[in-house]
Amino acid sequence: MTTGETQKIREDRPRERRTTERTRLAVAGARAAGQGLYTPRSAKHRVTNTLFSAVLFLGLGTALVALTAIIGWALVEGWPRLDANLFLAGPSTINPEEAGFRTAIIGTVYVIGGVIALIVPLGVGAAIYLEEFADRERWYNRFIELNIQNLAGVPSIVFGILGLAFIVRGLGNFGFVAAAGSMTLALLVLPTVILASREAIRAVPSSVRNGSLALGATLWQTVWRNVLPAAAPGILTGVILGVARAIGEAAPLLLVGAVTFVVYDPSFFEGGYSVLPVQIYNYAKRPQEEFHVMAIAGVLVMLVVLMLINSFAIWLRNRYEKKW
Amino acid sequence: MAVDLTVTTARGRTKPASVTADGSDALGEPRPLPPTVFDVSDLFVTYGSHRAVREVSLTVHEREITALIGPSGCGKSTVLRCLNRMNDQVPGARVTGKVAYYGEDLYAPQVDPIEVRRRIGMVFQKPNPFPKSIYENVAYGLRVEGRRPKSELDDRVEEALTGAALWDEVKDKLKESGFALSGGQQQRLCIARAIAVRPEVLLMDEPCSALDPIATAKVEDLMLKLADEFTIVIVTHNMQQAARVSDRTAFFTAENDSEGVRHGRLVEYDVTDKIFSNPADRRTEDYISGRFG
Ligand SMILES: Nc1ncnc2c1ncn2[C@@H]1O[C@H](COP(=O)(O)OP(=O)(O)OP(=O)(O)O)[C@@H](O)[C@H]1O
Ligand SMILES: [Mg+2]
Chain A
1 MTTGETQKIR EDRPRERRTT ERTRLAVAGA RAAGQGLYTP RSAKHRVTNT LFSAVLFLGL
61 GTALVALTAI IGWALVEGWP RLDANLFLAG PSTINPEEAG FRTAIIGTVY VIGGVIALIV
121 PLGVGAAIYL EEFADRERWY NRFIELNIQN LAGVPSIVFG ILGLAFIVRG LGNFGFVAAA
181 GSMTLALLVL PTVILASREA IRAVPSSVRN GSLALGATLW QTVWRNVLPA AAPGILTGVI
241 LGVARAIGEA APLLLVGAVT FVVYDPSFFE GGYSVLPVQI YNYAKRPQEE FHVMAIAGVL
301 VMLVVLMLIN SFAIWLRNRY EKKW
Chain B
1 MAVDLTVTTA RGRTKPASVT ADGSDALGEP RPLPPTVFDV SDLFVTYGSH RAVREVSLTV
61 HEREITALIG PSGCGKSTVL RCLNRMNDQV PGARVTGKVA YYGEDLYAPQ VDPIEVRRRI
121 GMVFQKPNPF PKSIYENVAY GLRVEGRRPK SELDDRVEEA LTGAALWDEV KDKLKESGFA
181 LSGGQQQRLC IARAIAVRPE VLLMDEPCSA LDPIATAKVE DLMLKLADEF TIVIVTHNMQ
241 QAARVSDRTA FFTAENDSEG VRHGRLVEYD VTDKIFSNPA DRRTEDYISG RFG
C-alpha cells in the first residue's frame, strides 16, 4: 500500500476519530493485507489477468484449429485413396490408382526400429553416466554436457552430411542402406533423448538413492533397481519425442540414401530403401493430380504409423507409472 | 574385502535395565563396560573448505542406545554419517581422525564402504520408502545381497516387519505401495527395511521428527526392544526422548572459533542419567534446561 493510499484513508475519516499516526498506519496496513487476501485485486489487476488468460487461450485455440484443419483437409482430399491398396501396394509412376506406400512403410518401420534400438541404450546410458557417475569437476564431463546441449539445436541436414561422410562412406562404409538411415537419425535425436532422460533421472529424489546405498547396495544396483524404474516414465517420454521427430525427417535421409522408388520390400543391411516422408515428397512434386491425392493420403498413413508407435510407448509408460 | 570386520559379538548378554552414573547396575554392583563398538577419536569433518565438525571423540558400546543431542547445525548428522561412511556420498566431504569399528579402522583404504553399510544400518529423518511395494521395500536389502529362495525371503520379510512392530498392520497388503502407509508406518517400514539385513548397528537420524506423539511412542518402544539385539545410535532434538530411551548421551554445540568460523564440537559425553541430572558442563546444563538456543 503506497503512502498516497494511506493519505486517502486518513482523509476519508472524520477528524475526531483520528487516533495516533501509528495506529492509523497499522489499521491501513491490516486492511490492505486483508483486502489482498479476501477480495479480488484492483481493477488494473483484473484487466491484466483477463488479458493474459485471453492471450493464452488464443494461443491454444490457434494451435488446435490449425491442427484440426490440416487433418480434416487431408481426410477430405485424401478420401478417394483411403483403401487397403494404400497400405499394401508398392509405389508406381504409371498407375496412381493402384499405387501405395507398402515399401515406404516397411522402410520407415526398419529405420525407426533401428533408431529405437540405438537411442534407448545409448541415450539412457549416457544420461546415467552424466547424472550418476560423472564427476562434474572434470573438464571433459563439462565439455560433454555443453556439447550435448548444443547438438540438440543443430539442423538436421548437418546430420545428413555427417551420415553420408562417416556412416554411408568413410569409417562405417555401410552403403546406402536402411541401417545407415537408422544411425543417422539416431545421432539426430540422441541429444533430445539424453536431455530428457537426465531430467527424469535427476527428478528421482536423493532420499531414495541414500536409502538404497545405506542398505549396502552398490551405486550400480541403486541405479538399476531404484532410479531407473522410477525414472522410466520420463525417459519414455523423451524416447517418444525423439521417435516422433525421427519419423517425420526427410532431409537427412535423402542424403544417406532413402531413394524415391523402391519396388521390392527393402531389407535392413542391403539394398535401397525409402521412407514415408520421402515417398510423400516424391508423389507431391509430380504434375498429375492423382499423385497429389496419393501424397495427401500418405500424410494420413504417416499419422497412423506415428500414432501406433506412440500409443505403444504411452502404454509402456503408463505401465511404469503405476502409482506407488 | 581384505580386512575382516567380523568380531564375535556377545549376543547372549542381557541388557541391564539402565546404566547408572558410576557404571554400576541397579543393585550397585560394579558392572564391566559392554564391549566397544565404535571408538571415535579426534574426528574432523570438512565440507569443501568449511571445517564443520572438530575434535570429536567418543565411544559407543554394544547393545546400548547412544543419543546425540544439540542445537541445529552442530554436526550431529555429520558425525552419524561418519559411522557408516554415508559421508562418502556427500560431494566435498572429507573425514579425518579415527573411527574404529570393533577395533578396525572404518576408513582404512582396504575397507569396502558397501560392506560397512550392510553391517551398519541407517534410518533417515524423513521416511523414505522406495517407490515399490511394502514387500519389495523390506526385501530390497536382501535382494541386493544376492539371490535367495522365495520362501527364505518371505520369512525374512515377515521377521523384519514383526521386529518393526508393523506386521499386524500390513500383513494383508504386502503388495501395496509403501507410500500407501501413514507417516509413522512408513518410518517403521524403513526400520523394518534396515533390520531385514540383520545389521549389527542401527543409526537413526531424528527418526521421529516427522511423527505424531503416538507414532513416536511406538517407535521409541520399538527402539528399546531393538536394543536387546542391536547397538543403536540416535540423533534427536527431543530431549525427553533422549532421556527416555538412551543409555548414554553426547551433547554437541556449535561455536565460533578465533576466526569467527562456526563449527560443531562435542561438549560432554556421559551416561544419560548423569547428563540430565548433573551435567559437568555449564553449556549442557543451559541447553537441557532450555536456556539455550
Ligand atoms: N552436504 C553438506 N554440504 C556442506 N555443508 C554441510 C553439508 N551437510 C552439513 N553441512 C554443514 O555441516 C554443519 C553441520 O551440519 P549437520 O547437518 O551435521 O548438523 P545437525 O546437527 O545434524 O543439524 P540439524 O539438527 O539441523 O539436523 C552445518 O554447518 C552444515 O552447514
Ligand atoms: Mg541433522
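Protein chains in written order, with full-length UniProt numbering: chain A, 1 to 324; chain B, 1 to 293.
Think of the CB as a built atom: it goes at the ideal place given N, C-alpha and C, for glycine as much as any other residue.
The beta carbon of A:L308 is closer than 7 Å to none in its chain, skipping five residues each way along the sequence. B:R81 is not a Cβ neighbour of B:R265, given a cutoff of 8 Å. Between A:S207 and chain B, the shortest Cβ-Cβ separation is below 8 Å.
For A:Q221, the chain B residues whose C-beta falls within less than 8 Å of its own C-beta are V144, listed in chain order. Between the C-alpha atoms of A:I235 and A:V193 there is a straight-line separation of about 7 Å. Of B:L33, B:D112, B:H50, the smallest CA-CA separation from B:E259 is found for B:H50. Exposure of B:S41 is indicated by the presence of fewer than 16 other C-beta atoms within 10 angstroms of its C-beta. Residues L306, N310 of the same chain have their beta carbon placed closer than 7 Å to that of A:A244, with the five preceding and five following residues left out of the count.
Along the length of the region 170-230 of chain A, whole alpha helix (DSSP H) runs at least 4 residues long occupy 178-202, 206-214, 219-222, reported in chain order. When the beta-carbon positions are compared, B:A165 and B:I195 stay at least 8 Å from each other.
With a contact defined as Cβ atoms closer than 8 Å, B:G121 and B:L203 qualify at about 7 Å. Under the DSSP assignment, B:D286 falls in the alpha helix (DSSP H) whose first and last residues are 282-288. Taking one beta carbon from each stretch, the region 250-261 of chain A and the region 272-281 of chain A have 3 or more pairs nearer than 8 Å; the two touch. Pairwise C-beta distances place the region 170-187 of chain B out of contact with the region 88-107 of chain B, as fewer than three of them are shorter than 8 Å. Residue-level contact check: B:F230 does not touch chain A, since none of the beta carbons of chain A fall below 8 Å from its beta carbon.
Residue pairing by DSSP puts B:Y101 in a beta bridge opposite B:F38, B:E104.
Each residue's CA atom was taken as its position, placing A:L213 and A:N150 some 34 Å apart. Interface flag for B:F276 against chain A is unset, since no Cβ pair is found closer than 8 Å. A:P91 is positioned such that its CB atom lies no closer than 8 Å to that of A:A84. Assignment of A:I148 by DSSP, reduced to helix, strand and coil, places it in the helix class. Taking 8 Å as the CB threshold, B:Q89 lines the interface with chain A. In chain A, no part has a C-beta under 9 Å from the C-beta of B:Y47; the shortest such distance is about 15 Å. Contact of A:L213 with chain B by beta-carbon distance below 8 Å involves M86, Q89, R117. The alpha helix (DSSP H) runs lying completely inside the region 181-216 of chain B and spanning 4 residues or more are 183-196, given in chain order. The beta-carbon distance between A:A186 and A:V256, rounded to whole angstroms, is 12 Å. This is too long to meet the 8 Å contact definition. Close to A:T218, with beta-carbon spacing below 7 Å, are these residues of chain B in chain order: I114. For B:T236, there is no enclosing beta strand (DSSP E), as DSSP marks it with neither H nor E. At a cut-off of 8 Å, the C-beta of B:K150 has no neighbouring C-beta in chain A.
In chain order, F291, H292, A295 place their CB closer than 8 Å to the CB of A:A284, counting only its own chain and leaving out the 5 sequence neighbours on each side. Within the region 224-258 of chain A, the residues whose Cβ lies closer than 9 Å to any Cβ of chain B are, in chain order, R225, N226, P229, A230. Contact annotation: the region 205-220 of chain A touches the region 135-149 of chain B, with at least three C-beta pairs closer than 8 Å. Any heavy atom of ligand 1 within less than 5 Å of a residue's beta carbon puts that residue on the list, which reads B:Y47, B:A52, B:S72, B:G73, B:C74, B:G75, B:K76, B:S77, B:T78, B:V90.
In the DSSP assignment, no residue is bridged to B:D168. Taking each of A:V154, A:R319, A:L303, A:W139 in turn and checking the Cα distance to A:A230, the smallest one comes out for A:R319. Against A:N318, chain B offers no close residue; the least beta-carbon distance is about 15 Å (beta-carbon pairs closer than 7 Å).
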